[in-house]
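Numbering (this note's numbering) for the sequence shown: 76 to 357.
C-beta atoms are modelled at their ideal positions from N, C-alpha and C, and glycine is treated no differently.
Working notes, structure below.
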Amino acid sequence: MSPSFLREPLLHFLLLGGLLFGLDYWLTPTAALEQTIVLEPETLNALAGNFTQARGRTPTQEELSELAVRWLTDEVLVREARELKLAQGDDVIRNRLASQMRAVVQHQNPLGEPSRDELERFFQAHQNNYDIPSHYDLEQRFVAGGVSEAELLAAQWRKQIAPAQWPQATTSLRHRPASNIVAIYGEPASDALLREPYHWQAVATQRGAQVARVTRVYPAQSAEFEAVRPRVARDWRLAEQQRRIAAEVARMAQGYRISVPPEVPQAVVDAIAHAVKSEDAR
Numbered sequence: 076m077s078p079s080f081l082r083e084p085l086l087h088f089l090l091l092g093g094l095l096f097g098l099d100y101w102l103t104p105t106a107a108l109e110q111t112i113v114l115e116p117e118t119l120n121a122l123a124g125n126f127t128q129a130r131g132r133t134p135t136q137e138e139l140s141e142l143a144v145r146w147l148t149d150e151v152l153v154r155e156a157r158e159l160k161l162a163q164g165d166d167v168i169r170n171r172l173a174s175q176m177r178a179v180v181q182h183q184n185p186l187g188e189p190s191r192d193e194l195e196r197f198f199q200a201h202q203n204n205y206d207i208p209s210h211y212d213l214e215q216r217f218v219a220g221g222v223s224e225a226e227l228l229a230a231q232w233r234k235q236i237a238p239a240q241w242p243q244a245t246t247s248l249r250h251r252p253a254s255n256i257v258a259i260y261g262e263p264a265s266d267a268l269l270r271e272p273y274h275w276q277a278v279a280t281q282r283g284a285q286v287a288r289v290t291r292v293y294p295a296q297s298a299e300f301e302a303v304r305p306r307v308a309r310d311w312r313l314a315e316q317q318r319r320i321a322a323e324v325a326r327m328a329q330g331y332r333i334s335v336p337p338e339v340p341q342a343v344v345d346a347i348a349h350a351v352k353s354e355d356a357r
């Protein structure tokens, strides 16, 4: 006969509870493991692969570091969102969770109206974004016979012995910055066009041979604060929101152990270390 204490309901309850606790411990990762974030090389390769597919080129070290920091930011936000049960009953994807958590952070840290001093400091720190760079008007004409014919035609037009109908055969490009001219003609041809404005040049582009010239130069202009103040205020709000989210993510990340394998480039490691560094320590 079994001892009487084995028939006690309280003992059965404790044994069952212990069994369930053991199963839960075995099936569920430990708290320490849950608080560990590991950036695996495979994840980094996938981020680089997505970038290459979207942009048609491999990311630079700086861009790869930015991708890694964005991944880490999203991972922290996703875990915090799960803690808040934002996705309870809804099979949302990782980006949706991170987006929801960003909205929570923004709601908890509402922006007030910036003072004039704040806007002026922001304007002075980013004035290059508001200055009007040099820009140009151009005219061009495609030449069916290739670069050699374009060179001959450019030489004729520079001597002003072109056929009378040539102005009607050209197309105009208006108010193009230097970066756009480089995108159209490539660097060597663009250098020649901008170095010798008003002179016809033979240029080879991906779309074929052309003759082209700059017809008007608009000098660069420094922006005046009052003229661009609405843009400055909009950009300040965006930058301040991003700064506050980054600071809150850094604070949240203090509750995690960030693990980066040695295969990950040092530039990526440094970027992540900076991203999770609390604002007070910066």
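Assuming contact is defined by CB atoms lying nearer than 8 Å, are Ile347 and Leu147 in contact in what I supplied? The answer is yes: Cβ separation under 8 Å.
Alpha carbons only, please: which of Val218, Tyr211 and Glu299 is nearest the one belonging to Leu268? When only C-alpha atoms are compared, the closest one is Tyr211.
The alpha helix (DSSP H) with Thr127 in it runs from where to where? Pro116 to Arg130
Following the continuous alpha helix (DSSP H) through Pro263, name the residue where it begins and the one where it ends. Glu262 to Arg270
Report the CB separation of Gln215 from Leu248 in whole angstroms; it is logged as a contact under 8 Å. 7 Å
Coarse secondary structure for Leu186, derived from DSSP in three states: coil
Cα-Cα, which of Pro294, Gly221 and Ala258 is closest to Ile207? Pro294
Ala200 beta carbon less than 8 Å from that of Met176: no
Roughly how many angstroms lie between the CA atoms of Arg154 and Phe300, to the nearest whole one? Our two residues, Arg154 and Phe300, have alpha carbons roughly 42 Å apart in a direct line.
For the alpha helix (DSSP H) holding Gln341, just list the boundary residues, first then last. Taken as a continuous stretch (DSSP letters only), the alpha helix (DSSP H) holding Gln341 covers Gln341 to Ala350.
Could you tell me which whole alpha helix (DSSP H) segments of length 4 or greater appear in the segment 178 to 232? Qualifying alpha helix (DSSP H) stretches, in chain order: 191 to 200.
Cα-Cα separation, Pro84 to Pro116: Because the pLDDT of Pro84 is 47, which lies under 50, any placement of that residue in the model is unreliable, and the number read from its coordinates should be weighed accordingly. For the pair Pro84 and Pro116, the Cα-to-Cα distance works out to about 53 Å.
Taking all protein chains shown into account, decide if Ala325 is buried (16 or more other Cβ within 10 angstroms of its Cβ) or exposed. buried
Three-state class that DSSP yields for Thr148 in the structure shown: helix
C-alpha gap between Val344 and Leu119, whole angstroms: 11 Å
Can you tell me where the beta strand (DSSP E) with Val303 in it begins and where it stops? Val303 -> not in any beta strand (DSSP E); alpha helix (DSSP H) instead, spanning Phe300 to Ala328.
Spell out the partners DSSP gives Ala277 in its beta bridges. Paired residue(s): Val286.
Out of Val278, His274, Ala178 and Val218, which has the shortest C-alpha to C-alpha gap to Ala244? Val218
Can you name, in chain order, every residue of its own chain whose Cβ lies under 6 Å from the Cβ of Ala52, other than the five neighbours on each side? Examination of residue 52 is not possible in this model, given that the chain is present from 76 through 357 alone.
If you reduce the DSSP assignment to three classes, tell me which class Gln110 lands in. Three-state DSSP puts Gln110 in coil, outside helix and strand.
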